[in-house]
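What follows is a single structure, written as structure tokens, with notes after it.
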Amino acid sequence: MAKKPKGKPRPRQKYTPTRKYLGHELKRAIYMAGEGMSASEIAIALGGTTAVKIRSLLSKHGISLKRRGGYDDRIVVRCTTPEREAITAFAERFDMEAGPFMLRLAMEATAKHIHDVFEDGGDA
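See the structure below:
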């Protein structure tokens, strides 16, 4: 005769649905990780998943998320549509996207301005 279990029966655990990632979703997640996006940003972009699952998915494929180090700043540039289109067209000549192109221009202009200030004796 089988022994009866002692105490209360364990409650059933809730079922967490699993999600299969399609090839294009995996490629997109890997690309976004390479671009420096966090697991939560990737999860929001893909939809229907969490940051923990994205971290696990990427780890399973040997991809590590880049650490930001707490120095994440954003620069907002306001311009008109014709100005943005002109910037985008000019950036395409250098095979760049408009955002990185604008950042590069701003950094070079800042470096030139700093150089000019020191050459002129410190007058801004």
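Everything in the sequence shown is counted per numbering that gives the first Met the number 0, starting at 0 for the first residue and increasing by one.
Glycine residues also receive a C-beta, built at the ideal position from the N, C-alpha and C atoms.
Taking the alpha-carbon positions, what's the residue 161 to residue 114 distance? As shown, the chain starts at 0 and ends at 123. That puts residue 161 outside it, with no answer to give.
Is residue 100 helix, strand or coil by DSSP? helix
Taking Cβ positions, are residue 64 and residue 37 nearer each other than 9 angstroms? yes
Give me, in chain order, the residues of the same chain whose beta-carbon lies closer than 7 angstroms to that of residue 96; leave out the 5 immediate sequence neighbours on both sides. 90
Terminal residues of the continuous alpha helix (DSSP H) containing residue 93? Premise fails: residue 93 is in no alpha helix (DSSP H) and is neither H nor E.
Please determine, among 20, 33 and 118, the residue with the shortest C-alpha to C-alpha distance to residue 52. 20
Among 46, 76, 42 and 62, which has the Cα closest to the Cα of residue 102? 76
When you compare only the Cα positions, how much space is there between residue 83 and residue 10? 59 angstroms
Please state the DSSP three-state secondary structure of residue 24. helix
Residue 51 lies in the alpha helix (DSSP H); which residues open and close that run? 50-59
For residue 27, which of 110, 45 and 12 has the nearest alpha-carbon? 45
Using the rule of at least 16 other Cβ atoms within 10 Å of the residue's Cβ for burial, across every protein chain shown, is residue 31 buried or exposed? buried
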